[in-house]
Amino acid sequence: AQSVTQPDIHITVSEGASLELRCNYSYGATPYLFWYVQSPGQGLQLLLKYFSGDTLVQGIKGFEAEFKRSQSSFNLRKPSVHWSDAAEYFCAVGRGYNKLIFGAGTRLAVHP
Amino acid sequence: EAGVAQSPRYKIIEKRQSVAFWCNPISGHATLYWYQQILGQGPKLLIQFQNNGVVDDSQLPKDRFSAERLKGVDSTLKIQPAKLEDSAVYLCASSLVGEETQYFGPGTRLLVL
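Those protein sequences? They're chains X and S, same order as listed. Residue 11 in this note's numbering sits at position 11 of the first sequence, and the numbers go up by one each step. This note's numbering runs 112 ahead of the 1-based position in the second sequence.
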């Protein structure tokens with residue numbers, strides 16, 4: 001069955017520190033992969049996506065993610081976190097008929 | 113370009129009452145989705161439309177939930193009667209046909225007492 005696992009429910013980092021959010025997926029074929037961010041009371045905003053080609057993809061707000069087929073992972077990274085990055089982050093996988101399957105999310109807190 | 117619009121933003125009802133949510137997708141987006149996001153979980157697809165036809169409603173609790181998109185543009189999701197476990201955020205998203213990227217609205221937060 002198709003699934004997405006985000007192992008970390010909650011992460012706290014200091015402002016200026018680097019960040020990595022983990023995402024593992026189970027999918028029968030090469031998936032399309034997405035990271036979305038959700039600020040409190042808001043909808044989901046697309047950070048970046050991977051469809052094919054270069055396995056390191058750049059997104060908005062200084063985020064990047066790397067697709068590793070051998071590890072079935074698509075981890076999100078940022079070299080220096082800002083206080084405004086505090087939010088919930090969702091990894092999603094999908095292909096075919098546009099159906100997306102989301103992970104449970106990782107809530108990021110940023111200490112000043 | 114205007115984003116996906118949803119209303120109301122918040123709704124509080126008592127169990128067994130009915131409620132309806134409205135969504136207007138991005139102009140030109142033929143595909144429309146309704147998701148349910150329960151607290152602490154990721155969004156779960158309830159129903160997907162392409163134009164005014166249903167593509168996937170396999171996870172829609174059809175005994176109490178219904179959705180329509182009569183003119184292939186805006187859509188309404190209804191719950192009747194509501195249960196306590198329906199408390200969640202209901203997200204609407206849209207995309208171009210054949211485009212994998214979905215664009216989300218701000219959601220409607222429902223609390224059933």
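Ideal Cβ positions, reconstructed from N, Cα and C, are used throughout, including at glycine.
Within a Cβ cutoff of 6 Å, which residues of the same chain sit near residue i, ignoring the five residues on either side of it in sequence?
i	result
Q214 of chain S	A205 and S207
L19 of chain X	V13, K78 and V81
N24 of chain X	T5, S72 and S73
Q45 of chain X	V37
Y50 of chain X	L33, V57 and F67
Among residues of its own chain, excluding the 5 on either side of residue i, which ones have a beta-carbon nearer than 7 Å to its beta-carbon?
i	result
R181 of chain S	L144, F161, N164 and S187
Q192 of chain S	S130 and R176
L222 of chain S	K123, V131, D198, S199, A200 and Y202
Ends of the beta strand (DSSP E) at residue i?
i	result
T12 of chain X	H10 to S14
I159 of chain S	K156 to Q162
L147 of chain X	Given a span of 1 to 112 for chain X in the structure shown, any question on residue 147 of chain X remains unanswerable.
G165 of chain S	G165 to D168
F177 of chain S	F177 to E180
C23 of chain X	From DSSP, C23 of chain X is part of no beta strand (DSSP E); its letter is neither H nor E.
K113 of chain X	Lying before the first or after the last residue shown, residue 113 of chain X is absent from chain X, which here runs from 1 to 112.
L46 of chain X	L44 to Y50
V57 of chain X	L56 to Q58
Less than 8 Å between C-beta atoms, sequence neighbours within five positions excluded: which residues of the same chain meet that for residue i?
i	result
Q114 of chain S	It should be pointed out that residue 114 of chain S corresponds to Ala in this sequence rather than to Gln. Once the five neighbours on either side are set aside, the close Cβ partners of A114 of chain S are I138 and S139.
G103 of chain X	V4, T5, Q6, C23, F90, C91 and A92
Q149 of chain S	P155, K156, A200, V201, Y202, L203 and G219
A109 of chain X	H10, I11, T12, V13 and A86
According to a CB-to-CB cut-off of less than 9 Å, which residues of the region 38–52 of chain X neighbour chain S?
Listed by position along the chain: Q38, G41, Q42, G43, L44, Q45, L46, K49 and F51.
Below 8 Å, how does it come out for the region 130–139 of chain S and the region 173–191 of chain S: are there three or more Cβ pairs, yes or no?
Segment contact: the region 130–139 of chain S against the region 173–191 of chain S, three or more CB-CB distances shorter than 8 Å; contact assigned.
Report the residues of the region 168–194 of chain S with a CB closer than 9 Å to any CB of chain X, ordered along the chain.
For the region 168–194 of chain S, which is checked against every Cβ of chain X, the residues closer than 9 Å are D168.
Chain-ordered residues of the region 145–156 of chain S with a beta carbon less than 9 Å from chain X
Within the region 145–156 of chain S, the residues whose Cβ lies closer than 9 Å to any Cβ of chain X are, in chain order, Y145, Y147, Q149, G152, Q153, G154, P155 and K156.
Between the region 19–32 of chain X and chain S, which residues of the former have CB atoms less than 7 Å from a CB of the latter, in chain order?
Within the region 19–32 of chain X, the residues whose Cβ lies closer than 7 Å to some Cβ of chain S are Y32, listed in chain order.
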